[in-house]
Structure formats: C-alpha cells, structure tokens
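Residue numbers (this note's numbering), protein chains in the order written: chain D, 525 to 678; chain A, 13 to 672.
Every residue, glycine too, gets a C-beta built ideally from N, C-alpha and C.
Single-structure report; data block below.
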Amino acid sequence: MRWVLILLVTFALLAPAARALAVQPDEMLPDPALEARARALSKELRCMVCQNQSIDDSDAPLARDLRILVREHLRAGETDQQVLDFLIARYGEFVLLRPRFSPHTVLLWLTPLGVLVIGALGIAMSARRQRKSEGNLTASEEARLAEILQRKDS
Amino acid sequence: MIGELGHYALVLALGLALVQSCVPILGARRNDPVLMAVASPIAVAQFAFVAIAFAALIECYVRSDFSLVNVFENSHSAKPLIYKITGVWGNHEGSMLLWVFILSLFGALVGAFGRNLPARLKASVLAVQSWIAAAFYVFILITSNPFLRIADAPLEGRDLNPILQDPGLAIHPPLLYSGYVGLSISFSFAIAALIEGRIDAAWARWVRPWTLLAWIFLTLGIAMGSYWAYYTLGWGGWWYWDPVENASFMPWLAATALLHSALVMEKRNALKVWTILLAIIAFSLSLVGTFLVRSGVLTSVHTFANDPARGIFILAILVLFIGGALLLFAWRAPLLKQGGLFAPISREGALVLNNLLLVSACGTVLVGTLYPLALEALSGEKISVGAPFFNATFAPLFVPLLIAVPFGPLLAWKRGDLLGVAQRLTYAAAIAAVAAAVTFAMEGGGSPLVPFAIGLALFVMTGALTELAERTGLFKVPLATALARAKGLPRSTWGAALAHFGLGIALLGIIGETQWGVERIAELKPGQSITIRRYNVQFDDVTTRQGPNYRELAAHFTVRHHGEIIGVMEPAKRDFPSRQTATTQTALMTLGFSQIYLSLGEAKPDGVIALRLYYKPLVLLIWLGPIAMAMGGVLSLSDRRLRVGAPKPARSKVALAPAE
Chain D
525 MRWVLILLVT FALLAPAARA LAVQPDEMLP DPALEARARA LSKELRCMVC
575 QNQSIDDSDA PLARDLRILV REHLRAGETD QQVLDFLIAR YGEFVLLRPR
625 FSPHTVLLWL TPLGVLVIGA LGIAMSARRQ RKSEGNLTAS EEARLAEILQ
675 RKDS
Chain A
13 MIGELGHYAL VLALGLALVQ SCVPILGARR NDPVLMAVAS PIAVAQFAFV
63 AIAFAALIEC YVRSDFSLVN VFENSHSAKP LIYKITGVWG NHEGSMLLWV
113 FILSLFGALV GAFGRNLPAR LKASVLAVQS WIAAAFYVFI LITSNPFLRI
163 ADAPLEGRDL NPILQDPGLA IHPPLLYSGY VGLSISFSFA IAALIEGRID
213 AAWARWVRPW TLLAWIFLTL GIAMGSYWAY YTLGWGGWWY WDPVENASFM
263 PWLAATALLH SALVMEKRNA LKVWTILLAI IAFSLSLVGT FLVRSGVLTS
313 VHTFANDPAR GIFILAILVL FIGGALLLFA WRAPLLKQGG LFAPISREGA
363 LVLNNLLLVS ACGTVLVGTL YPLALEALSG EKISVGAPFF NATFAPLFVP
413 LLIAVPFGPL LAWKRGDLLG VAQRLTYAAA IAAVAAAVTF AMEGGGSPLV
463 PFAIGLALFV MTGALTELAE RTGLFKVPLA TALARAKGLP RSTWGAALAH
513 FGLGIALLGI IGETQWGVER IAELKPGQSI TIRRYNVQFD DVTTRQGPNY
563 RELAAHFTVR HHGEIIGVME PAKRDFPSRQ TATTQTALMT LGFSQIYLSL
613 GEAKPDGVIA LRLYYKPLVL LIWLGPIAMA MGGVLSLSDR RLRVGAPKPA
663 RSKVALAPAE
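Next up, the structure:
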C-alpha cells in the first residue's frame with residue numbers, strides 16, 4: 525500500500541507542475557480544414573492517464589503524443605473513422621469518450637429512452653387507475669366504514 | 013487546547029444528536045408533548061456545539077497550529093488570511109465538518125422557527141434530521157477527525173493545494189453544501205410524513221420553501237463552480253461533465269423536479285406519493301454526490317481525498333439511508349391518499365411532463381456517471397463515458413422540456429386549452445422565428461441547429477414575458493391598470509417568470525460560447541500581436557513579481573479595437589515553492605456579455621511566449637442565467653403566501669450567513 529501512496533503523492537505534485545497549454549502551436553497542422561478535423565476528433569478521445577479529460581484539453585505528455593498521432597494519420601489521408609478504428613485497436617474502447625453501441629453499452633445508451641418510456645407508462649397507468657377509482661372508496665376507507673358499521677351493530 | 017475543545021464539542025454534539033434521534037420520535041408515537049418538546053432546544057444546542065467545533069478548527073488554521081495533522085497538511089504560515097480560513101474546508105476532514113455545520117444549522121432553524129408546525133410532525137422531522145447528523149458525526153470522529161494531533165509539531169505546514177488558493181474556494185463549497193444539505197430537510201419531512209402516515213397541503217407549504225432555499229443554493233453553487241473552473245483551469249471550458257460536476261448536477265435536476273411537483277401538491281393536493289418519492293430521491297442523490305466526491309471512488313480533477321475506509325463508511329451511510337427510506341416508502345406510501353384529478357392537458361399535466369423529462373435527464377446523468385464503474389467492477393471491461401456522450405443524450409431530453417416551458421404557466425389548472433395557449437404565445441413564437449431566421453441569414457447556411465437553438469432560447473425568454481403580460485393585461489388594458497395589476501401579482505409569479513427567463517438567458521450564452529467562440533493558439537515575441545475577431549492583442553513584455561507565498565511571472569498585453577487601446581491584460585504563471593507547483597492565472601477582459609480570455613503557456617528563454625487566446629461571445633450569460641434563476645427563487649421565497657405556516661424570509665438570510 526505504501527508505494528501506492530508514494531505514487532499518488534508524486535502524481536499530485538507533478539501533475540499541476542506540468543500544466544501548460546493543451547494543444548501546442550508546434551503540433552498544429554498548416555491546413556485549417558485538416559486541423560479542424562483533428563481538433564474535433566481530439567475532443568472525442570480520452571487522455572488515458574487523466575481523469576475524464578479529452579486529449580484536446582489535457583496537457584499530459586501522453587495526450588500530446590496522441591494528438592500528434594491523430595494528425596499524422598489524418599495527414600496520411602485517413603478518414604475520421606479509420607483514425608478512430610486504429611486508436612481503438614491500439615488502446616481499446618477506453619480511449620473513446622462516447623462509447624460505441626454494443627452489447628455491453630446497451631443499458632447505457634437505452635437509459636434516456638428507457639426512463640422516459642417507463643415513466644410515461646407509469647404516469648398513464650396511475651392516471652387510469654385514479655380515474656377508475658374516482659368516487660369509489662379506498663381500501664382504508666372501506667375498512668374504516670366496516671369498522672363503524674360493526675360498532676353500530678354491537 | 014483549542015483543538016481539544018473543538019474535538020470535545022463535536023463529541024458532545026454527537027451525544028445530543030443521539031438523544032434527539034430517539035426521544036422526540038418516542039414522544040410523537042406516545043403523543044407525549046414533553047418528550048416532543050425536547051427536540052427544538054436540543055437541535056439548537058447541537059448546532060451551538062458544532063459551531064464551537066468549527067470555530068475551533070478555524071482558529072487553529074488562523075493561528076497556524078501545526079500540531080494538528082489537518083492544519084499541518086493543508087496550511088502554511090505565509091498563506092494570506094483568507095486562504096487560511098477557506099483552507100479549513102479545502103480538504104476532506106474540514107469539508108465534512110462544514111457539511112455537518114450546515115446540517116445542524118438547518119436543523120436548528122427548523123427547531124427555532126418552526127413554531128407553527130404541527131408538534132408531532134416537527135418532532136419527527138427533527139428526529140430524522142438527527143439520524144443523518146449522528147451518522148455523519150460518527151463518520152467524522154472515526155475516520156476523518158480534523159482534530160488529531162502530531163506528537164512533534166512541525167515548524168511549517170505543507171500548504172493548501174495552490175489551485176484551491178482562490179476566492180472561489182471561499183464561496184463555492186459553502187453554497188454547494190448548503191444546497192446538498194438543504195435537501196435533507198425535504199428528506200426529513202418526507203420520512204416524517206411516511207412515519208406519520210399522513211400528508212396534506214400544509215406539508216407541501218412547508219417543504220416547498222425549504223426545497224426552494226436548497227435549490228437556490230445549489231443553482232448558485234453550481235454556477236459559481238462552473239465560473240471558477242472556467243477561469244482557473246485555463247482552457248476555457250465551463251462544463252466538463254466531470255463525475256464531480258455530475259454529482260452536484262443530479263441533485264439540482266431532482267430538486268428542480270421536486271419544486272414543480274410540490275407546487276402541484278400544494279395547489280391541487282395531487283401527486284402526493286410522487287412528491288414524497290422525489291424528496292427522498294433528491295437527498296439520496298446529494299448523498300450519492302457526497303459519496304462520489306468524498307470516497308475517492310473516482311479520482312478526478314476535483315478529488316482531493318483518497319481512503320477506502322472512508323469510502324466504505326460513506327457507502328454504509330448511503331445504503332442505510334437510501335435503502336431504509338425506500339423500504340419505508342414501499343411500506344407506507346400506499347397509506348397516503350391520492351387526490352386531485354386532472355386532464356392530461358392542464359397545468360398539472362405540464363408539470364408532470366416537466367418531472368418526467370427532468371427525471372429522465374437525471375437518470376441519464378446518473379447511469380452515465382456510474383456505468384463505467386459498474387461495468388469495470390462486473391466484467392473488468394474499461395470504457396469511458398465523457399462529454400460527447402452526455403451532450404448527445406442530454407440535449408434530446410432538454411429540448412422538449414424547453415419547448416414546453418412557456419406553455420406550462422399559461423395552462424389552466426385541472427383542464428387546459430392547448431390551442432388557446434398556443435394562440436397567446438403567437439408573439440413569443442414570432443419573435444423566436446425572426447431571431448432564428450436572422451441567425452440563419454447571418455450564419456450563411458451551416459447547421460440548422462444553431463438558428464433553432466437561438467429561436468428556442470428566445471421562445472423561452474419571451475414566453476416568460478408573455479405570462480407576465482397576460483396576467484397584467486399589458487397591451488390590452490390601459491398602462492396604469494396593467495401596472496396596478498403587476499403590483500398585485502403574487503411574487504411567486506414574478507419569481508417563476510424570472511427563473512424561466514433565466515433559463516433562456518443561460519441557453520443563449522451556451523449557444524454563443526460553443527458555436528461562435530474563436531480560439532487562437534500562438535507563440536509571440538515581445539512586440540508581436542495577434543488578432544481575434546476585431547480585437548488586436550499585442551504582447552509587450554514580461555515581469556516577475558513576489559507574492560505573499562508565490563513567485564509570479566506576469567505577461568503584459570495591450571488590447572486594441574480599431575487601433576484604439578481599450579485595455580491591458582495580464583495573465584500570469586505562479587510558482588508556489590511550498591508545494592513546488594505552478595498555477596496559471598488567466599486574464600479576462602469583459603466586453604458587454606462577451607469576454608476575451610487569455611492564458612499563458614510556456615515562456616521560452618528567448619522571450620517567446622506561448623499563449624491561448626479566446627474570444628467568447630455571450631459567455632457571461634451562461635452564469636447570469638443561473639443568477640437570474642436564483643433571484644427568481646428568492647422572489648418566490650419572499651412571497652407572502654409562503655410565509656403563512658412556513659419559514660419567514662428572514663430565515664433565508666440567516667441561512668445565507670455561513671456562505672459569506
């Protein structure tokens with residue numbers, strides 16, 4: 525456990541010290557259209573040594589390497605999808621900030637629609653139940669009525 | 013000595029909390045007024061002792077008493093006084109103490125001012141409040157005690173993380189915690205109602221102002237945190253969908269839903285069971301947020317605590333309270349009587365739609381935040397869920413909500429006339445359409461989403477104004493009559509309109525910043541300049557300065573507009589020798605609602621400096637929107653109607669005090 529602590533402290537000390545600009549002037553491509561594509565791609569890619577930062581935002585050395593890698597591939601004439609495929613093959617799904625739709629992300633992607641549909645169904649059902657019970661007594665009222673009637677009888 | 017005093021006071025507060033946890037609720041069960049009356053004075057005393065503990069810790073920081081581990085690890089004698097004080101909650105132990113300080117303050121407020129609450133309800137509420145307090149006192153005393161001593165006191169402390177040495181730390185956590193903890197009151201009321209097995213409109217009248225107060229703090233706290241991140245982190249972003257941000261955003265979404273459903277309950281005595289559930293969910297999400305941030309389960313930009321023992325303890329608190337509350341809900345909720353029928357097209361219907369969309373959005377954020385953790389724990393697979401995912405899923409849920417916002421307040425209760433409301437919104441829709449068309453023309457093609465979003469923002473804003481115009485009869489009756497009616501409108505109406513207007517403002521800012529922002533990354537020699545939009549920014553020179561506890565390299569820039577000097581900008585880099593870390597100080601120049609944003613990169617020995625320059629159109633609206641929303645909340649809170657049988661607005665001022 526001790527080395528974990530030392531590692532953490534070292535990271536905590538080093539990380540802010542390395543703070544500089546994310547995208548450096550010398551990395552940028554001369555072609556503005558290609559550079560724009562590189563920036564858009566960079567925003568979709570995770571800096572894997574950071575927490576929840578895209579390589580576009582991060583000033584970690586690894587992020588810089590990835591930014592340069594993305595630009596090299598774009599310059600070689602690859603499409604955005606080819607660049608992404610290459611990076612996934614090399615680093616795994618973890619590199620994508622927007623996970624692909626696949627069996628293990630089904631739940632994730634279906635959540636917004638799922639909650640919406642289940643919620644809407646719930647609302648419709650409770651509205652129907654309520655309209656049906658309009659004018660009827662609830663179970664507890666029914667019980668109370670029975671109790672009062674019984675008391676009268678005795 | 014002062015440290016021991018604080019420690020002792022905290023233990024006493026725990027003792028009082030334990031008494032308050034059982035005696036009043038026993039009194040409520042036995043209908044014994046003496047036992048029930050115990051709750052209020054104990055709640056006040058409990059707050060007094062936590063306040064003593066909190067003050068003691070502050071005093072130790074001010075005195076730089078490095079014999080306390082917590083002070084040694086997080087303070088430095090050369091630190092400016094304000095950061096000595098704010099440093100108290102710039103670390104795990106201190107921030108937990110702030111958490112219970114605010115919790116006990118809210119409990120004491122209910123105890124001291126809740127005279128017109130039914131005695132049994134009040135006793136139950138204060139008891140439940142004390143369960144939460146007791147759990148967190150134990151947590152602090154066992155795993156996170158800020159009053160622990162070091163045998164041989166060091167001469168100098170390790171200093172506070174320089175990124176946190178910012179006025180933002182003075183405001184952001186107290187606001188956010190007031191919001192989180194404020195929701196505990198709604199939670200306690202919900203649990204008390206479930207224990208009592210009854211609930212009525214008076215309950216809603218009590219819960220709504222507390223929820224509103226918590227919501228105001230949350231709104232301001234989140235906006236403040238966003239602005240802090242914007243100017244501190246140096247790459248111009250203002251929302252990262254970081255798990256820690258999500259942790260504060262989820263309770264906000266739930267609290268917003270709760271505000272609206274409590275309205276239905278208060279006015280129409282409907283949606284009772286749902287409102288109770290939502291009150292439980294809102295505070296549960298606050299606890300989840302506390303767990304995510306404090307346990308170190310996700311190490312993110314914000315996290316500065318890392319200890320599994322704490323994580324497991326908070327997880328236990330989480331399971332106990334959320335699980336217990338939901339079990340109680342499942343058991344007792346069927347006893348609560350539903351009432352107040354309404355047609356689907358009605359004000360109630362609109363508020364149900366609001367709740368449905370907000371809860372879906374909240375669920376999306378929750379699943380998106382926890383999914384990578386759960387997937388890794390279950391299958392070992394690692395995936396990332398970041399900003400692109402949230403942007404893609406969140407927007408489709410929020411767009412229908414925003415379209416519905418202007419309709420809601422114009423619909424009648426019970427049964428509304430959608431066509432009639434649509435007719436009354438003609439002007440608002442026309443203004444929105446014109447704005448969208450103008451945007452489209454100015455953009456010269458491009459994505460149709462931008463004009464649509466601009467139109468939507470203006471529809472929300474003019475829709476809010478339409479409601480006011482409708483209610484005062486503006487343009488239909490003489491101006492004097494309209495003014496007289498405007499004066500007579502309840503403040504809650506003004507508040508709601510202002511809050512909805514603020515939503516539109518924020519949207520406008522978000523579109524402006526994300527769609528029309530310009531970025532330049534460059535390296536400049538002294539004397540060289542760079543142009544962004546119509547502004548020319550010239551790099552003059554650099555100077556080095558000595559601050560109280562840092563060395564600073566500041567660069568001077570002159571900003572010109574059409575050749576005329578309109579100001580200077582001075583971004584800097586600071587070196588903190590105590591922690592051997594550096595921070596970037598960005599320079600901001602405000603031009604109307606827009607800003608020029610300048611942050612420094614590396615300075616090379618030959619005088620060349622790398623920089624990141626942004627022009628951010630309408631960016632200030634992103635935070636002015638939430639401020640308008642919070643102001644709307646304050647207006648609504650000051651409504652006379654809420655004062656009947658509810659906390660007086662003076663109390664909200666009392667609650668504001670610790671945020672200063």
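Between A/Y609 and A/R545 the beta-carbon gap is near 12 Å, outside 8 Å, which marks them as no contact. In the structure shown, A/F354 falls within a coil segment according to DSSP collapsed to helix, strand and coil. A/I94 is classed as exposed because its beta carbon has fewer than 16 other beta carbons within 10 Å across all chains shown.
Inter-residue distance for A/P412 and A/L363 is about 13 Å (C-alpha atoms, whole angstroms). Secondary structure note for D/D609: its alpha helix (DSSP H) is the uninterrupted segment 604-615. For D/M552, the secondary structure class from DSSP, reduced to helix, strand or coil, is coil.
For A/V472, the three-state secondary structure derived from DSSP is helix. Put simply, of A/N561, A/E614, A/F78 the residue whose alpha carbon is nearest the alpha carbon of A/K585 is A/E614. Using beta-carbon distances, A/L461 does not count as an interface residue toward chain D, since no partner is under 8 Å. Under the three-state reduction of DSSP output, A/H573 falls in the strand class. Counting only runs of 4 or more residues that sit fully inside the segment 479-537 of chain A, the alpha helix (DSSP H) segments are 491-500, 503-528, in chain order. By the Cβ neighbour-count rule, D/V630 is exposed, with fewer than 16 other Cβ atoms within 10 Å of its own. D/H597 has its alpha-carbon roughly 14 Å from the corresponding atom of D/R588.
Closest in C-alpha terms to A/F406, from the list A/P346, A/K284, A/F261, comes A/F261. When DSSP states are grouped into helix, strand and coil, A/L289 belongs to the helix group.
Close to chain D, meaning a Cβ-Cβ distance shorter than 7 Å, are the following residues of the segment 623-636 of chain A: R624. Under the 8 Å criterion on CB atoms, A/S156 is classed as non-interfacial with respect to chain D.
Out of A/V397, A/L133, A/F66, A/D587, the CA that lies nearest to the CA of A/I14 is found in A/F66. If you compare the alpha carbons of A/T526, A/V377, A/L461, A/L491 with that of D/P636, the shortest gap goes to A/V377.
Think of a sphere of 7 Å around the beta carbon of D/E617: the chain A residues whose beta carbon falls inside it are I395, in chain order. By the Cβ criterion, the segment 30-39 of chain A is in contact with the segment 136-147 of chain A, since at least three pairs of Cβ atoms, one from each stretch, lie closer than 8 Å. For D/Q654, the closest of A/T287, A/K349, A/A267 by C-alpha to C-alpha distance is A/K349.
Residue environment analysis places A/T493 among the exposed positions, since fewer than 16 neighbouring C-beta atoms fall within 10 angstroms of its C-beta.
Proximity of the segment 549-556 of chain A to the segment 528-541 of chain A meets the contact definition, three or more beta-carbon pairs being nearer than 8 Å.
Annotation: the continuous beta strand (DSSP E) that includes A/R557 extends over 547-558.
With a cut-off of 8 Å on Cβ pairs, the segment 251-260 of chain A is not in contact with the segment 170-187 of chain A, counting fewer than three such pairs. Look at D/Q575 here: in three-state DSSP terms it is coil, with no helix or strand label.
Within 7 Å of the CB of D/D581, the CB atoms of chain A belong to W247, G249, in sequence order along the chain. In this structure, A/A202 sits near A/I288, with a CB-CB distance shorter than 8 Å. Counting C-beta atoms within 10 angstroms of its own C-beta, A/S198 has 16 or more neighbours from the protein chains shown and is therefore classed as buried. I533, A534, E535: these are the residues of the segment 529-548 of chain A whose beta carbon lies less than 8 Å from some beta carbon of chain D, given in chain order. Legend: CB atoms of the segment 362-376 of chain A lying less than 7 Å from CB atoms of chain D belong to residues V364, L368, V371, S372, G375, T376.
One Cα belongs to A/E479, the other to A/M473, and the distance between them is close to 10 Å. Counting only residues of its own chain and dropping the five nearest sequence neighbours on each side, A/A204 has a CB closer than 7 Å to the CB of L133, S136, V137, V140. Segment contact: the segment 265-279 of chain A against the segment 169-181 of chain A, fewer than three CB-CB distances shorter than 8 Å; contact not assigned.
By the neighbour-count definition (other C-beta atoms within 10 Å, threshold 16), A/A453 is an exposed residue.
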